[in-house]
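Q: Using this note's numbering, you'd call the opening residue of the sequence shown number 1 and step up by one each time.
Just so you know, even glycine gets a beta-carbon here, dropped at the ideal spot from N, CA and C.
Computed from a predicted model, the values in this text were never measured in an experiment.
Shown below is the structure under consideration.
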Amino acid sequence: MARLFSKDYHEHSTSWFFNHAVIALDKGDLLHWKYRDGEDKIHLRFYASEARKEQFAASLDLIYDPIEQKILSHKCPECPEEEACRHYLSVLRYAYFYMKTEIFEAPIVETCNLEALRAPESLWEQLQASVIELEGIYNPAVDKIRFYYGSYGDLKIPALIRISLGEHPEGMTASQIEEYSRVIQAFGDDELRTWQFVHLRKAAHSSKGKFYSIYKADFAGALTLLEKLGARTLVKETGEALSFVAHPYQLSLRIEPMGKQHHKLSAIIVDELSAWYAGYPSWLFFRNKVYRAYLPLRNEIIDQVLGDGLILNERDLVYYRTLVYHELRKQDIYLDFDDRIELPVIIDEEPRVALELSKTGAAYLLKGHLSYSGDRRIPLSVVRFRAPLVSFPIEGEDDTKYWFRVPVETVKRVEELYRKLPGADLNRLEQYSELVFEDQQSIDRLKATVFELSETDWDIVIADDIERDFVYKAHLEVELSASRSEDIDWFNYELRYRYKDLAFTHDELSRYFKSGDDYLETKDGRMIFVSNPQVFYDMERLIKRSEKDKDLVYRARLMNLPYYQRMMQDNPQLRLVGDSFLKQMFEELLSRKLSREESLPVYLQTVLRGYQKAGFSWLKMLSRYRLNGILADEMGLGKTVQALSILGSLPEDKVSLVICPKTLLYNWAAEIEKFHTNIRYLVVEGPPEERRSLLATPNVQLFIMSYSLVLNEIETLKAMQFHWVVLDEAQNIKNVSAQRTGAIKKLRSDHRLALSGTPIENDLTELWSIFDFLMPGYLGTLASFKKEYIHSDNAETNRLHLHKAVSPFILRRIKKEVLLELPDKQEQVSWCKLSPLQEKLYLQILDNVKQKLFPGEEQSETNYIHILAALTKLRQVCNHPHLANQDILPDPGISSKLEMLMELVQDSIQSGHKVLVFSQFVQMLKIIRTEFDKLNIEYAYLDGQTKDRMGQVNRFNQDPSLKLFLISLKAGGTGLNLSSADTVILYDPWWNPMVEQQAIDRSHRMGQVNKVNVFRLISLGTVEEKIVKLQQSKRELFNSVIEEGQQLIKTMSTDEIRSLFEY
């Protein structure tokens, strides 16, 4: 065995100091104990035996690395200089001569201390128990507050604070500073900032008494920090913890007369005030209960107000009634004036700047004044005082003294006017509140200034004889007065453009803009430059949606009103006013619900989430005004259940129609069976005669049929009057020239609804087509739509107008917006019906199975292997007939489930989701791969033969453009982290739901930041549906012992087994 610490011994023993410093020790003079930490480092403590304690009084701690065979650090409580520590050198010599490394082979205590916490447990507990004691708060005779830190024990708080401030306390070694730096990390930020504040503002410090002192003038700032420490702040004299109240103190101030010429301002406080400290906020003490008060006054004034009171003179009252009063109200502090006080007349409002222009000879004269309510005016020259309040006599009211408030903004505006008028005689302005402009340069500048100011809210009055000398820059405002027409779906409106005292019709402005003239000449000869012509062109857009009814009156379809309203919202120059019906409609369109909401049926109250209830309210509101829209929620947010909620409130004698992709027919049926059992419905499919017979069935409220059959039955459907026609996946009518699209638009209905998470996939004409179904004519003809929004030079700008036009009729929520309402994981079953070829093959296998396995009623021994093989065959048919019969080509059109998968994956990818597809049949995955290859959709793939499993996983997780992962259930159902995916599709059900759950957990696991959607694809009426029911009825068995289908079948009775083979 090697000598202990040999490397360190040889490193130090060659120095001249070594032999001089070491303490002579013999074997047995030193004892030790040791332990191993979580990083496999050895901690040792050496201490002297009883006989040698006088020569070796200290204990020495060191940390040793057994791999490197080196001492990493040592610590001696007596020697500040680590390298010159004679106790350390003595231990090196002792260990080298008397100890071997074999001491590490004996059993050793192991410890675990990862230091993940902010501080060691003992220090943490000490800090949590420590308090700050305050002395002198209630004592008015002292001018300082003491902060005691004795409860922090051995911690040197002054040194710790200095280190936290970046200072280097004298007498501290580097290791001590490092140790204290670690201690600082254990302090809360607020606690550390409090001590730093006290240290930097200290008036005195006592290391013996363990306290700092700060002046009371600084205490308000300290209280802002102490408030965050809560009960850890104590009053030393009483031992009570300070209790900071969360809300400010409800303070009131009052001014009362005090003799003939003076008044007193004081605080009205009912409870006994123990102490206060002025600042912003100020702090009020009611014993240990502490309140904030935001008094917008100087500290010395606060002290007087809260103390004996502040003495005010007559003029002070005006200041406190205006400026101080307003600032106090902002803080909910009320200032009351005693009824005996007679205040002068105070005009406390924002004035208008009024200018008057006239001409004297060749010179122009500009007079100015500030105009207040009641025709009270004061000269513009008062702004030179830059005072917030001025007193000025009013003509005809000599006995009344008026005080006027002159806001800072008003002063700034007038001074800006001065700067725009160089060359004007400002001395004349000071004396007479008027300016004279005589030379041509100053006159031209005056005209330019008036041109700019005319667009503002300044009052500019120009004498009649010089009106034509000036050009007015007019910012037009538009008032659209609307009223409901006698025709139920129409409304009438008038347009009027206004600028100050002028009014223009749309026709007048139309002639002006078409003329190309720079200025519009009014009837009285004034020249107007329109600074916001866009408002006219916005109105032109509205008028294009209208008809001319009579002079100055237009009429438009009610469906256009939301667009008009949206234009008003986005343009403050437009104002829309209407009669009571239209006013209510405005409000309800804005809120997207009826003002008197219809309550949801009781059975839906707990079913629908908040955003789905909002969707229901929006649909109800649209239908109230005979408007139609697109519910465009992101996939997985429940568009179907929202649509059924509106259909579920149908009148008993009305019939509606849902048109959806063939793969979703039975999803609608399943949703009705689950949530809307009151809706009498039929799924329309089968041969032509059967379909027509179904459509003729009486007492049906809702027909559900696929897009592919609408064209075939269009004559029957055209003859029917529907209450609602709902298009699911409405992008199916995006092709405007398709016969099916034209046929659907010919259907007659009271209301229409489109459901689509992607109303635009490739081209804007797709949106036009959906709106042409919802509200024909709303977006114009297809040719005009293309011209304006696709082929126009201003297409980008025009599309902003298109957004305004369609947004009132589109409701779209994405998952991020409703994140809190969604569960972390949403699971749903997507039902599909077997295709005719699937159904034929399925029935053939059933007949064969029944003949071989159940030949008669007589009970025979059950062959579980044959039963499981038969069930597997049936499950393969549900996936794709090719799996059960290799002679059938793997064409996607003969598997309804494969069609559903392709739609579901493409919709998910288009919505930005990453998708996992699991199947237990590798052969099925190969068919799926082929279909995605045809569509050029890239994917990752994993089955039992995949060699680079983690390469596929990393590629999928790290490449944001890779949206699809095809996985064999057995090969990838466990052990993989695929949290980058948020959509899981189980192509076929497995006997044990726990296996499915493990597959789902590849995505729904730690690291997942999105909500996870799970889709189970199940063939209706088949063994797959029965497996799902078995999973529910035998869940306890699944949770305990059952892993495979054969074991499950052994737990079933003969009748239960027979039921698996029913269809």
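Return yes when the Cβ of Ala129 is within less than 9 angstroms of the Cβ of Gln185, no when it is not.
A: One-based indexing of the sequence shown puts residue 185 at position 185. One-based indexing of the sequence shown puts residue 129 at position 129. Contact: no.
Q: Drop a sphere of 10 angstroms on the beta-carbon of Ile985, count the other beta-carbons inside from all chains shown, and report buried for 16 or more, exposed for fewer.
A: For the purposes of this step, residue 985 is taken as residue 985 along the sequence shown, with counting starting at 1. It counts as buried.
Q: Report yes or no: do the segment 745-753 and the segment 672-687 share at least 3 C-beta pairs separated by less than 8 angstroms?
A: no
Q: Using a Cβ-Cβ cutoff of less than 6 angstroms, which residues in the same chain neighbour Val1014 once the five nearest sequence positions on both sides are dropped?
A: If you number the sequence shown from 1, residue 1014 lands on position 1014. Excluding sequence neighbours, Val1014 sits near Glu827, Val984 and Ile1000.
Q: How would you write the range of the beta strand (DSSP E) that Ile108 sits in, first residue to last?
A: Numbered from its first residue, the sequence shown carries residue 108 at position 108. Counting along the chain, Ile108 falls outside any beta strand (DSSP E), and DSSP gives it neither H nor E.
Q: When you compare each of Ala971, Leu389, Ala21 and Trp33 to Leu317 by their alpha carbons, which one comes out closest?
A: Walking along the sequence shown from the start, residue 317 turns up at place 317. The residue with the shortest Cα to Cα distance from Leu317 is Leu389.
Q: What first and last residue would you give for the alpha helix (DSSP H) that runs through Ala643?
A: What you label residue 643 is simply residue 643 of the sequence shown in a count that begins at 1. Note, Ala643: alpha helix (DSSP H), Lys639 to Leu647.
Q: For a quick check, are the C-beta atoms of Ile1085 and Ser358 less than 9 angstroms apart?
A: Any answer about residue 1085 is impossible in this case: the structure gives the chain only from 1 up to 1063.
Q: Between which residues of its own chain and Asn27 is the CB-CB distance below 6 angstroms, once the five residues before and five after are set aside?
A: Position 27 of the sequence shown holds residue 27. Per the sequence presented here, residue 27 reads as Lys, with Asn not at that position. Within the same chain, Lys27 has close Cβ partners Tyr98.
Q: Taking the C-alpha atoms as reference points, what is the distance between Tyr180 and Gly171?
A: As a working mapping, residue 180 is identified with position 180 in the sequence shown. As a working mapping, residue 171 is identified with position 171 in the sequence shown. About 14 angstroms.
Q: Between Phe491, Lys786 and Ser481, which lies nearest to Asp763 when the distance is taken from Cα to Cα?
A: The count along the sequence shown starts at 1 and reaches residue 763 at position 763. The residue with the shortest Cα to Cα distance from Asp763 is Lys786.
Q: What residue from Lys816, Lys264 and Leu627 has the CA that sits closest to Lys1011's CA?
A: Taking the sequence shown and counting its residues from 1, one reaches residue 1011 at position 1011. When only C-alpha atoms are compared, the closest one is Lys816.
Q: How about the segment 299-307 and the segment 271-291: do they share at least three Cβ pairs that are nearer than 8 angstroms?
A: yes
Q: Within the continuous beta strand (DSSP E) that includes Val1012, where are the two ends?
A: Along the sequence shown, one-based indexing puts residue 1012 at 1012. Residues Val1012 to Ser1019.
Q: Can you give, in chain order, each stretch of the beta strand (DSSP E) that sits fully within the segment 158-245 and has at least 3 residues?
A: Qualifying beta strand (DSSP E) stretches, in chain order: 202-206, 211-215 and 233-235.
Q: With distances taken Cα to Cα, identify the nearest neighbour of Thr606 among Ser645, Arg3 and Asp524.
A: Taking the first residue of the sequence shown as position 1, residue 606 is located at position 606. Considering only alpha carbons, the answer is Ser645.
Q: Quick one: which unbroken alpha helix (DSSP H) runs of 4-plus residues sit fully inside the segment 779-805? Chain order, please.
A: 782-789
Q: Ignore the nearest five residues each way along the sequence and tell me which others in Lys850's own chain have a CB closer than 7 angstroms to its CB.
A: Position 850 of the sequence shown, counted from the start, is the residue given in the question as residue 850. Excluding residues within five positions, the ones whose Cβ falls inside 7 angstroms are Phe1061.
Q: Could you give the first and the last residue of the continuous alpha helix (DSSP H) run that contains Asp399?
A: In the sequence shown, counting from the first residue as 1, residue 399 sits at position 399. Per DSSP, Asp399 belongs to no alpha helix (DSSP H) and is neither H nor E.
Q: With a threshold of 16 other CB atoms inside 10 Å of the CB of Lys734, please say whether the residue is buried or exposed.
A: Here residue 734 corresponds to residue number 734 of the sequence shown, with the count starting at 1. Result: buried.
Q: Quick one: grab the DSSP three-state call for Ser43.
A: On the sequence shown, position 43 is the one that residue 43 refers to. Note on residue identity: the sequence assigns His, not Ser, to residue 43. DSSP places His43 in strand when its eight states are reduced to three.
Q: Distance check for Ile347 and Leu380, CA to CA, integer angstroms please.
A: Within the sequence shown, residue 380 is the residue found at index 380, counting from 1. Within the sequence shown, residue 347 is the residue found at index 347, counting from 1. Approximately 16 angstroms, taken between the alpha carbons.
Q: Decide if Asn19 is buried, meaning its Cβ has at least 16 other Cβ atoms within 10 Å, or exposed.
A: The residue labelled residue 19 in the question sits at position 19 within the sequence shown. With fewer than 16 neighbouring CB atoms inside 10 Å of its own CB, Asn19 falls in the exposed class.
Q: In the structure shown, what three-state DSSP assignment does Asp459 receive?
A: Taking the first residue of the sequence shown as position 1, residue 459 is located at position 459. Strand at Asp459.
Q: Select from Glu191, Tyr537, Ser442 and Leu1030 the residue whose C-alpha is nearest the C-alpha of Ala362.
A: One-based indexing of the sequence shown puts residue 362 at position 362. Ala362 has its Cα closest to that of Ser442, out of Glu191, Tyr537, Ser442 and Leu1030.
Q: Roughly how many angstroms separate the alpha carbons of Phe1038 and Lys1026, rounded to a whole number?
A: Residue mapping note: residue 1038 aligns to position 1038 of the sequence shown, counting from 1. Residue mapping note: residue 1026 aligns to position 1026 of the sequence shown, counting from 1. The pLDDT assigned to Phe1038 is 46, lower than 50, so where the model puts this residue is not dependable; a value taken from the coordinates is nonetheless given after this. One C-alpha to the other measures close to 15 angstroms.
Q: Where does Ala614 fall in DSSP's three states?
A: For the purposes of this step, residue 614 is taken as residue 614 along the sequence shown, with counting starting at 1. Residue state, collapsed to three classes: helix.
Q: Tell me Ile704's beta-bridge partners as DSSP assigns them.
A: Here residue 704 corresponds to residue number 704 of the sequence shown, with the count starting at 1. Answer is Val658 and Val683.
Q: Here's a check: name, in chain order, each residue in its chain whose Cβ is nearer than 8 angstroms to the Cβ of Val461, leaving out the five neighbours to either side.
A: In the sequence shown, the residue the question calls residue 461 occupies position 461. Sequence-distant partners of Val461 (beyond 5 residues in either direction) whose C-beta falls short of 8 angstroms from its own C-beta, in its chain, are Ala354, Leu355, Glu356 and Leu357.
Q: In angstroms with no decimal places, state the Cα-to-Cα distance between His262 and Leu343.
A: The residue labelled residue 262 in the question sits at position 262 within the sequence shown. The residue labelled residue 343 in the question sits at position 343 within the sequence shown. Rounded to the nearest angstrom, the two C-alpha atoms are 13 angstroms apart.
Q: Helix, strand or coil for Leu542, going by three-state DSSP, please let me know.
A: Here residue 542 refers to the residue found at position 542 of the sequence shown. It is helical.
Q: Below 6 angstroms CB to CB, which residues in the same chain sit around Leu619 once its five sequence neighbours on both sides are set aside?
A: Taking the sequence shown and counting its residues from 1, one reaches residue 619 at position 619. Excluding residues within five positions, the ones whose Cβ falls inside 6 angstroms are Ile646.
Q: If I measure Cβ to Cβ from Leu234 and keep anything under 8 angstroms in the same chain, skipping five residues before and after, which residues do I get?
A: Working through the sequence shown from its first residue, we reach residue 234 at position 234. Closer than 8 angstroms at Cβ, skipping near neighbours: Val131, Ile132, Glu133, Leu134, Glu240, Ala241 and Leu242.
Q: Could you tell me which residues DSSP puts in a beta bridge with Lys473?
A: For the purposes of this step, residue 473 is taken as residue 473 along the sequence shown, with counting starting at 1. Partner(s): Phe529.
Q: Below 8 angstroms on the Cβ atoms is my guess for Val245 versus Lys289; work out the distance and round it to an integer in Å.
A: In the sequence shown, the residue the question calls residue 245 occupies position 245. In the sequence shown, the residue the question calls residue 289 occupies position 289. 6 angstroms between Cβ atoms; contact.
Q: Looking at Ala231 and Lys100, is the spacing between their C-beta atoms short of 9 angstroms?
A: Here the question's residue 100 lines up with position 100 in the sequence shown. Here the question's residue 231 lines up with position 231 in the sequence shown. In this structure, Ala231 does not lie closer than 9 angstroms to Lys100 by Cβ.
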